[in-house]
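Asker: Residue numbers (our numbering): 3 to 227. Glycine residues also receive a C-beta, built at the ideal position from the N, C-alpha and C atoms. Keep in mind that this is a model prediction, so the values were computed, not measured. Handing you this structure, nothing more for now.
Quick look at the structure:
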């Protein structure tokens with residue numbers, strides 16, 4: 003057997019160590035929280051749909067409010083939810099900085115780029131019969147790279163929007179930042195949906211115990227794909 007090929011087979015391409023498990027689940031909760039605030043802001047307390055329903059419900063109780071008063075009430079709720087969006091976003095940015103720090107200064111086993119390079123090397127060294135399987139693994143790792151890029155964009159644009167009222171040049175860029183932030187959000191929503199489906203599918207088909215390793219960190223870190 004080619005020694006180079008053997009060494010790549012033994013190197014880990016998955017990491018279930020405690021720091022990255024904490025980052026993974028913390029990041030999952032924070033992004034989920036952000037998506038929930040967007041759901042509330044855009045759907046549940048949207049003034050165009052919520053205010054008429056609010057007035058109709060109060061009317062059944064013989065409580066009379068003007069449309070202006072109902073809009074003011076919906077605005078207060080929206081502002082509270084928006085504040086939560088900002089607080090969660092700042093925490094998410096801190097988690098992003100932690101991930102960047104691990105990537106730049108952490109040991110090699112905590113670096114995503116090291117695992118991505120390892121998967122790419124395995125794909126190059128794989129025999130023709132294994133190219134399809136290795137290509138799938140490389141595609142999955144590459145999709146994670148796109149997610150990290152999206153997370154970087156949404157963190158930076160979110161921070162820019164947070165201080166757009168206080169920093170003149172950010173204020174000039176506010177519209178552009180908001181557009182980029184919103185488009186990136188849709189990509190992250192799509193990635194989350196596909197990721198959850200993919201993890202569940204892998205758990206019940208080819209990678210039994212995947213979820214338990216992601217939670218508890220049980221070792222199965224040397225993989226042949």
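Tell me the DSSP secondary structure of residue 61 in three-state form.
Answerer: Position 59 of the chain shown, counted from the start, is the residue given in the question as residue 61. Note: residue 61 maps to helix in three-state DSSP.
Asker: Below 8 Å on the Cβ atoms is my contact criterion, and I expect residue 83 with residue 42 to pass it. Report the Cβ-Cβ distance as a whole number of Å.
Answerer: As a first step, residue 83 is located in the chain shown; it is residue number 81 there, counting from the start. As a first step, residue 42 is located in the chain shown; it is residue number 40 there, counting from the start. Between residue 42 and residue 83 the Cβ distance is about 5 Å, and since that is below 8 Å, they are a contact.
Asker: Which term fits residue 62, buried or exposed, when burial requires 16 or more other beta carbons within 10 angstroms of its beta carbon?
Answerer: As a position in the chain shown, residue 62 is number 60, starting the count at 1. Classification for residue 62: exposed.
Asker: Taking only three categories from DSSP, how would you classify residue 132?
Answerer: As a working mapping, residue 132 is identified with position 130 in the chain shown. In the structure shown, residue 132 sits in a helix (DSSP, three-state: H, G or I).
Asker: Find out if the Cβ-Cβ distance for the pair residue 186, residue 156 is shorter than 8 Å.
Answerer: The count along the chain shown starts at 1 and reaches residue 186 at position 184. The count along the chain shown starts at 1 and reaches residue 156 at position 154. Yes, they are a contact pair.
Asker: Please state whether DSSP places residue 30 in a helix, a strand or coil.
Answerer: Working through the chain shown from its first residue, we reach residue 30 at position 28. In this structure, residue 30 counts as helix in the three-state DSSP scheme.
Asker: For residue 86, which of 46, 32, 66 and 128 has the nearest alpha-carbon?
Answerer: Indexing the chain shown from 1 puts residue 86 at position 84. When only C-alpha atoms are compared, the closest one is 32.
Asker: Compute the distance between the beta-carbons of residue 114 and residue 25, then report whether it is under 8 Å.
Answerer: By 1-based counting over the chain shown, the position of residue 114 is 112. By 1-based counting over the chain shown, the position of residue 25 is 23. Cβ distance not < 8 Å, so residue 114 and residue 25 don't count as in contact.
Asker: Identify every run of the alpha helix (DSSP H) within the stretch 106-152, keeping only runs that are complete inside it and at least 4 residues long; order them along the chain.
Answerer: DSSP runs (the alpha helix (DSSP H)) wholly in the stretch 106-152: 114-127.
Asker: Under DSSP, the alpha helix (DSSP H) around residue 185 begins and ends at which residues?
Answerer: Here residue 185 refers to the residue found at position 183 when the chain shown is read from its first residue. Run containing residue 185: 176-206, per the alpha helix (DSSP H) assignment.
Asker: For residue 212, report the span of its alpha helix (DSSP H) as first-last.
Answerer: Here the question's residue 212 lines up with position 210 in the chain shown. 212-218 is the extent of the alpha helix (DSSP H) around residue 212.
Asker: Taking the C-alpha atoms as reference points, what is the distance between residue 9 and residue 122?
Answerer: Locating residue 9 in the chain shown gives position 7, counting from the first residue. Locating residue 122 in the chain shown gives position 120, counting from the first residue. With a pLDDT of 41 at residue 9, under the threshold of 50, the modelled position of that residue is not reliable, and the figure given next carries that caveat. Spanning the two alpha carbons is a distance of roughly 14 Å.
Asker: Sorted by chain position, which residues of the same chain lie with C-beta nearer than 6 Å to residue 6's C-beta, five sequence neighbours on each side aside?
Answerer: Walking along the chain shown from the start, residue 6 turns up at place 4. With a pLDDT of only 43 at residue 6, under the threshold of 50, the placement of this residue in the model should not be trusted; the figure read from the coordinates follows. So the list is empty, once near-sequence residues are dropped.
Asker: Please go through the same chain and pick out, in chain order, the residues whose beta-carbon is closer than 7 Å to the beta-carbon of residue 95, but skip the five residues on each side of it.
Answerer: Working through the chain shown from its first residue, we reach residue 95 at position 93. Cβ neighbours of residue 95 beyond the five flanking positions: 157, 160 and 161.
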